[in-house]
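Here is the structure we will look at, set down as structure tokens.
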């Protein structure tokens, strides 16, 4: 074959290749060229250590964007839901778990409950507040504070440290959550890490000696303090903020404790989300987890619940003390998580129900 004939054959082959390639890339007339939907409906089962009332505004906002997804919530105590997740591990009934403290999620992660699934939108969450493989990620922050009834306690009389609560002058006047409460468990575990077992035991014994009344949850604590049934309550900061905004029983104030030089600083914990390994509705779990880290959801947590947003660029609600203005207790929460059982033993040994 001559040189010109070979060139002609090559030109014909290129032309055929271009024709086939171009026709394959052009969709037939009338074809749907839109991107696939982000979800296909179905269900989403959330286990929540948060009360349903506190998580519902975010669920409602999520369903406004995904009306085809039916969301079911099983609310309960962190410890009860954690036990259920372990029992159901071989056949998961939940798709997502939201707890009220980081320690619960750390311990469950160590037992293989969560899928390693980094969540889009959570990139600005500090590394210390999430697992490096995405198996758990903090959603909001909360501070452990002392709230008080201003008709019973003046600002100058109010305790400024958690350790002041063992003073006999507060006998019969303190309300707190009991040993089944995740935030209370976390506080005792943090204290045990920060000041040691002997000091923590003494503090717990002092609460009992002062005839502290222990409730099943913080809502009961803040309402009792608001009503003047107790002078002092140990709560997460947003319970004080909620009580302050009630139509009545709102004569309350707050102390962010242990702010003095050489003191511990205020203890901080977080709400946390984890996607369940082997979940039946894993795609919907991912969608909801991603929604939690949108400015819309973070703003809801801040403005409806008065929590501290976890992502950058979302402001705290008006009137809430910024974390940046506080001395914060420094703890290694991964290490603290190993002390939850010890914290429970210390509380039980002290006689806390």
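Numbering (the numbering used here), first residue to last: 8 to 360.
Even for Gly, the Cβ is constructed at its ideal location relative to N, Cα and C.
None of the values given here were measured: they were computed from a predicted structure.
Query, Result
"Of the listed residues 155, 271, 302 and 189, nearest to residue 238 (C-alpha basis)", "155"
"Own chain residues within Cβ distance below 7 Å of residue 89, not counting five before or after", "111 and 115"
"Beta-carbon spacing of residue 264, residue 217 below 8 Å", "no"
"Residue 134 versus residue 303 - alpha carbon distance", "22 Å"
"At least 3 beta-carbon pairs within less than 8 Å: the stretch 343 to 354 vs the stretch 196 to 204", "yes"
"Per-residue burial, residue 74 [other beta carbons within 10 Å of its own, 16 or more giving buried]", "exposed"
"Exposed unless 16 or more other CB atoms sit within 10 angstroms - verdict on residue 41", "Low local confidence applies: a pLDDT of 33 at residue 41 is under 50, so the model's placement there is unreliable, and no value is given."
"Span separating the alpha-carbon of residue 323 from that of residue 313", "7 Å"
"Separation of residue 251 from residue 159, as counted between CA atoms", "15 Å"
"Environment of residue 356 [buried if 16+ CB atoms lie within 10 Å]", "exposed"
"Contact between the stretch 90 to 108 and the stretch 275 to 291 (3+ Cβ pairs under 8 Å)", "yes"
"Closest residue to residue 84 among 92, 96 and 57 (Cα-Cα distance)", "57"
"Helix, strand or coil at residue 115 according to DSSP, with G and I counted as helix", "helix"
"Option in 80, 169, 276 and 288 with minimal Cα separation from residue 98", "288"
"Among 94, 93, 128 and 76, the one whose alpha carbon lies nearest that of residue 317", "128"
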